[in-house]
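Colleague: Residues in the sequence shown are numbered from 688 upward in steps of one, following the numbering used here.
There's a structure below that I have some questions on.
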Amino acid sequence: MTRSITGTILYTSAKPERLGAGRGREHFRIDVHRDGSRTIAAHGEIDDAPAVVRDVNLRVDAGGLPRESFVRIAVGGEFRGSGWFRFSDTLAECEAWTAIEGRVSQKVELATPLLAFGNHAMVNDGYLLNLYDLARGPGVQVFRTILLSSPDHRGATGPMLFPIDLAIEFVGRERLKVAAGKFDALHFRFVDIPGLPLEHPPYDLWCTDDGDYVLLKAAVGGYMQTAYELTAYDRTGEPA
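Right under this line is the structure:
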């Protein structure tokens, strides 16, 4: 390992009757290894009933492509499921056991290497923004056949492989202040997520403008009305 990034993201409500009230938290760690690969791990807790506790771990290669992941979820204080995912250039695999479906084995053939895997950790949503080619400037770019561990907006089902497409809009660069400090930030929006059983509301995200894409802030409108903010942030092992 050459360097690590750790932090905490606070989950809050944006509903008028609960504006700013805490509704959960996420503690994360990103390890960037000597070969350029990185491991993104997170422990997330959603307090709103039925409460969700989720532990995830994702490894991406030096090019940012997902290679393996682990997801474990509990809902309402009870085990819901756990799954291991593996991605080669031509195949996505899942081996899982869930309280609802029992033993699950999936294999999905890939025409091209998988660009991204969504496991519902907020820090992982931030890293998904690296898909956007910043050299093309502000606009919208569409990415086909992204895989998720769950189509549920809280990630509270499965875990199993679920395909979607993703349209990302780059709004621009900003200087942003959050509880963890001031950062040079990139502002994005997820403007369309075809394939979900329920249309995703408008979703704005801000991440660090340093190549690590650490989530700084996010806001989801519509029926969700939730907000997220980085409240603690630390970097260790930086090169001299």
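C-beta atoms are modelled at their ideal positions from N, C-alpha and C, and glycine is treated no differently.
Just so it is clear, the structure is predicted and the values come from calculations on it, not from any experiment.
Any idea which residues DSSP pairs residue 787 with across the strands?
Modeller: Answer by DSSP bridge pairing: none, since residue 787 is not bridged.
Colleague: Are the Cβ atoms of residue 870 and residue 864 separated by less than 9 angstroms?
Modeller: It is a contact, given that the beta carbons lie within the stated cut-off.
Colleague: In the DSSP assignment, what are the bridge partners of residue 923?
Modeller: DSSP output for residue 923 lists 691 as bridge partner(s).
Colleague: Are there 16 or more other CB atoms within 10 angstroms of the CB of residue 927, so buried, or fewer, so exposed?
Modeller: With a pLDDT of 45 at residue 927, under the threshold of 50, the modelled position of that residue is not reliable, and the figure given next carries that caveat. Residue 927 should be labelled exposed.
Colleague: Per the contact definition of three or more C-beta pairs closer than 8 angstroms, is the region 827 to 836 in contact with the region 905 to 914?
Modeller: Short answer: they don't touch.
Colleague: Run through the DSSP bridge pairs and tell me what residue 827 is partnered with.
Modeller: For residue 827, which the question treats as bridged, DSSP gives the partners 856.
Colleague: Out of 853, 713, 917, 841, which one is the CA nearest neighbour of residue 867?
Modeller: Taking only the C-alpha atoms, the option nearest residue 867 is 917.
Colleague: Specify, as a first and last residue, the run of the alpha helix (DSSP H) that residue 815 falls within.
Modeller: Its alpha helix (DSSP H) spans residues 809 to 815.
Colleague: Under a Cβ-count criterion, where at least 16 other Cβ atoms within 10 Å of its own Cβ denotes burial, should residue 829 be classed as buried or exposed?
Modeller: The residue is exposed, with fewer than 16 neighbouring Cβ atoms inside 10 Å.
Colleague: Have a look at residue 701 and residue 908 and give me their C-alpha separation to the nearest angstrom.
Modeller: If I take the Cα positions, the gap works out to 8 angstroms.
Colleague: Roughly how many whole angstroms lie between the Cα atoms of residue 693 and residue 763?
Modeller: Going by the C-alpha atoms only, they are around 27 angstroms apart.
Colleague: Could you give the first and the last residue of the continuous beta strand (DSSP E) run that contains residue 768?
Modeller: That run of the beta strand (DSSP E) goes 765 to 774.
Colleague: In its own chain, which residues sit with a C-beta less than 6 angstroms from the C-beta of residue 757, not counting the 5 before and 5 after it?
Modeller: Only 744, 771 meet the Cβ criterion.
Colleague: Does the beta-carbon of residue 774 have 16 or more other beta-carbons within 10 angstroms, so that it is buried, or is it exposed?
Modeller: So residue 774 ends up on the buried side.
Colleague: Measure the alpha-carbon distance for residue 816 versus residue 922 and round it to whole angstroms.
Modeller: If you take the alpha carbons of residue 816 and residue 922, they lie about 20 angstroms apart.
Colleague: With a 10 Å radius around its C-beta and 16 neighbouring C-beta atoms as the bar for buried, classify residue 813 as buried or exposed.
Modeller: With 16 or more other Cβ atoms within 10 Å, it is buried.
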